[in-house]
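Read left to right, the sequence shown gives residues 264 to 592 (our numbering).
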Amino acid sequence: MKTAKAANKEELEAFRIKYLGTKGVVKSIMGEMKNVAPDKKKEAGQLLNEFKIFTEELYANLSSSLTDNGTAHSEEIDTSLPGDPLPLGSRHPISIVQSRIVSIFHKLGFSVAEGPEIEDDWHNFTALNLPENHPARDMQDTFYISQNPDWLLRTHTSSVQIREMEKGILPLRIICPGRVYRNETISARAHCFFNQVEGLYIAENVSFADLKQTLYFFVQEMFGDKVKIRFRPSYFPFTEPSAEMDISCLICGGEGCNVCKKTGWVEILGCGMVHPKVLENCNIDSNKYTGFAFGMGIERIAMLSYQVKDLRLFSENDLRFLKQFQAAI
Ligand code: 2NL
């Protein structure tokens, strides 16, 4: 209908008389309504009404296709006019931070490994020294696939690292970014899905000193060379010993503020030496090989880098938020 055209006023008037005039098509069909069977009257009436509206709209379109002096608008296109601008999108902040992390570890010889988001119990839990009924599984409650009780949405990308270790090619130096799931109550600090980067290095004679130096290099590249680190002893079933790593607060420089809860330090990742049982589960000789592993939430790093106060902003697709990263490509 939008393309309907009348060449001049006369054509427009001829259209009006033919369809909408007192002796026009619409009126004459109306006159026929009395001959329609009572049980068909409603349907016929509706059809006629639609037809009437259609012709009226067409008439309105035809008259607007004429200029004020009654001639058709020119069809000529002015090719010297600028084109319609194409709005340029921007990268998602999570994707920006993920690439930065990956490229820093790339410099140290880590390569990216990926795997499925729907996992089986072995790769997500049991191989990682989290046997059934282990209390630490409670911390990683997740979503199960009803067709098969053995299938679940992965709670960490460690499952990808198990798959890589099972391939039996050593030494191994990988970084595993990707989406993971947890059955959490959604808040400003937690969601039922988030993104993670885990790293794993397995070779002969890998030590905790290697772990510290690697992570120190990472934070200096990521946050600048003034940043300090500290390790606190922790517990993960898949590493022994285990630690949590803090960085000096980027907001107050260690003086104490809201971001660091007045401590001067902010936790950014968990890490440790791969538990010998995990190596054995993947048929790796734990007397010959040792390794370190670490894991961090990308949302958490992005919140610190960009001072985002609510992690739900990363998954709500609000353009007012996303547009602020337009220049950050
Ligand atoms: C965290 C803590 C961590 C690992 C992840 C890992 C993977 C394998 C073996 C041993 Cl295959 N460990 N990953 C180790 C320590 C901590 O993540 O808070 N992540 C968000």
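Glycine residues also receive a C-beta, built at the ideal position from the N, C-alpha and C atoms.
Beta-carbon proximity list for residue i, same chain, < 6 Å, skipping 5 on both sides
i, result
"Trp528", "Asp509"
"Lys265", "Any reading at Lys265 needs caution, since the residue's pLDDT is 46, under 50, leaving its predicted position unreliable; the model's value is listed next. Nothing listed; no residue qualifies."
"Phe494", "Ala506, Met508"
"Asn458", "Ile357, Arg442, Ile561"
"Ile364", "Val460"
"Tyr479", "Ile492"
"Lys525", "Gly519"
"Glu530", "Glu507, Asp509"
"Lys370", "none"
Beta-bridge pairing of residue i - partner residues as DSSP gives them
i, result
"Thr553", "Ala466"
"Pro496", "Ala506"
"Met296", "DSSP output for Met296 lists no bridge partner at all."
"Ile438", "Val375, Gly462"
"Tyr407", "Leu415"
"Gly535", "Ser505, Ala556"
"Ser511", "Trp528"
"Tyr282", "Per DSSP, none; premise fails for Tyr282."
"Tyr322", "Tyr322 pairs with nothing; no bridge assigned."
"Tyr444", "Phe456"
"Glu306", "DSSP lists no partner for Glu306."
"Glu382", "Leu415"
Neighbourhood of residue i by C-beta, 7 Å cutoff - its chain only, sequence neighbours within 5 removed
i, result
"Tyr444", "Thr405, Phe406, Leu416, Arg417, Thr418, Cys455, Phe456"
"Asn544", "Ala390"
"Phe373", "Arg436, Ile437, Ile438, Gly462"
"Gln403", "Thr418, Arg445"
"Pro394", "none"
"Tyr498", "Ser505"
"Lys540", "Asn392"
"Phe486", "Ile510, Leu513"
heavy atom of ligand 1 below 8 Å from residue i C-beta
i, result
"Val365", "no"
"Arg541", "Reading off the sequence shown, one finds Val at residue 541, where the question assumed Arg. Because some heavy atom of ligand 1 lies under 8 Å away, the Cβ of Val541 counts as near it: yes."
"Ile492", "no"
Of the residues the options, the one placed nearest residue i, counting alpha carbons only
i, options, result
"Phe481", "Asn271, Phe368, Gly441", "Phe368"
"Ile381", "Asp302, Phe278, Ser409, Leu393", "Ser409"
"Arg575", "Ala277, His386, Lys489, Glu447", "Glu447"
"Glu562", "Phe555, Asn550, Asp548, Ser578", "Ser578"
"Tyr552", "Ile492, Val469, Gly533", "Val469"
"Asp488", "Glu319, Glu339, Pro434, Leu513", "Leu513"
"Cys520", "Gln570, Glu306, Ala451", "Gln570"
"Gln361", "Asn580, Ala565, Gln589, Phe584", "Ala565"
"Arg400", "Leu275, Ala376, Asn387", "Asn387"
"Pro379", "Pro398, Gln424, Ser353", "Gln424"
"Glu377", "Ser327, Glu339, Leu532, Ser421", "Ser421"
"Asp548", "Pro434, Asp383, Ala451", "Pro434"
"Arg452", "Lys572, Leu582, Ile340", "Lys572"
Cβ neighbours of residue i in the same chain (closer than 8 Å, five flanking residues each side left out)
i, result
"Val537", "Leu463, Ile465, Phe501, Thr502, Thr553, Gly554, Phe555, Ala556"
"Lys281", "Gly287, Val288"
When a residue counts only if its C-beta is closer than 7 Å to some heavy atom of ligand 1, which residues count, in chain order?
Leu391, His419, Ser421, Gln424, Ile425, Met428, Gln459, Glu461, Leu463, Phe499, Phe501, Thr502, Ser505, Leu532, Gly533, Cys534, Gly535, Val537, His538, Val541, Ala556, Phe557, Gly558, Met559, Gly560
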